[in-house]
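According to our numbering, the sequence shown holds residues 15 to 180 in order. Shown next, in structure tokens, is the structure this report addresses.
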Amino acid sequence: MKNIILIGFMGSGKSTVGKVLARELDLDWVDIDHEIEKQENKTIQSIFDNDGEKYFRDLETRYLEKILSCENRVVSTGGGVVLKQDNIETMKKLGTVVFLNAESSQIIENVKNDEKRPLLRGEKLEEKVNKLMGERAALYLEASDIIIQTNGKNIQSIVDEIISLL
Numbered sequence: 015m016k017n018i019i020l021i022g023f024m025g026s027g028k029s030t031v032g033k034v035l036a037r038e039l040d041l042d043w044v045d046i047d048h049e050i051e052k053q054e055n056k057t058i059q060s061i062f063d064n065d066g067e068k069y070f071r072d073l074e075t076r077y078l079e080k081i082l083s084c085e086n087r088v089v090s091t092g093g094g095v096v097l098k099q100d101n102i103e104t105m106k107k108l109g110t111v112v113f114l115n116a117e118s119s120q121i122i123e124n125v126k127n128d129e130k131r132p133l134l135r136g137e138k139l140e141e142k143v144n145k146l147m148g149e150r151a152a153l154y155l156e157a158s159d160i161i162i163q164t165n166g167k168n169i170q171s172i173v174d175e176i177i178s179l180l
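If you want it as structure tokens, here you go:
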């Protein structure tokens, strides 16, 4: 089976959905952000703070290519993976890309108490979320093979919907 690659804005449920989806399909689950943190022995926040976003995006590309070199995986990506065209091309070539599309109100609810998201730290969370979502919306659509609207749905119904569309 080709890889199933979950994309979407931070807080859209990629990790949570990915774990359940992998279990239901009896596939390996890999979270790219977790893999980066484990292999680099640094948090994403630390990488952003000490090395910058460009360095992190380069790491993300390298790990994406490495992780997708194997098949039969459900892969949860970081929210900004679509910012590099090379990543979009790699994902489309090596898997089925599923866009978990959540409304900004749901994203804000999911991330409002999460201090681990470097691009959302500080004041004006709603403004930051809306700005970043606006910048990335077309890229998520370009990259996706399947689009799942997630608002008002529980994890199991999202997983069931993905499975029915694969």
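Don't be surprised by glycine CBs; every beta carbon is placed ideally from N, CA and C. None of these values were measured; they are calculated from a predicted model.
- Exposed is the label assigned to Gly66, since fewer than 16 other Cβ atoms lie within 10 Å of its Cβ.
- Taking 9 Å as the cut-off, the beta carbon of Asp47 is found closer than this to the beta carbon of Ile58.
- DSSP lists Ile162 as the beta-bridge partner residues of Leu114.
- At the C-beta level, Leu180 and Ile102 stay beyond 9 Å of one another.
- Within the same chain, Ile18, Gly32, Leu35, Ala36, Leu41 and Trp43 come within 6 Å of Val88 by CB-CB distance, once the 5 residues on both sides are set aside.
- Looking at the DSSP output, Val44 sits in a beta bridge with Val89.
- Annotated three-state conformation of Asn168 is coil, per DSSP.
- Beta bridge pairing from DSSP links Leu20 with Ser90 and Val112.
- Look at the beta carbons and you see the stretch 138-150 not touching the stretch 48-55: under three pairs across the two are nearer than 8 Å.
- Taking a 10 Å sphere around the C-beta of Asn165, we find fewer than 16 other C-beta atoms and assign the residue as exposed.
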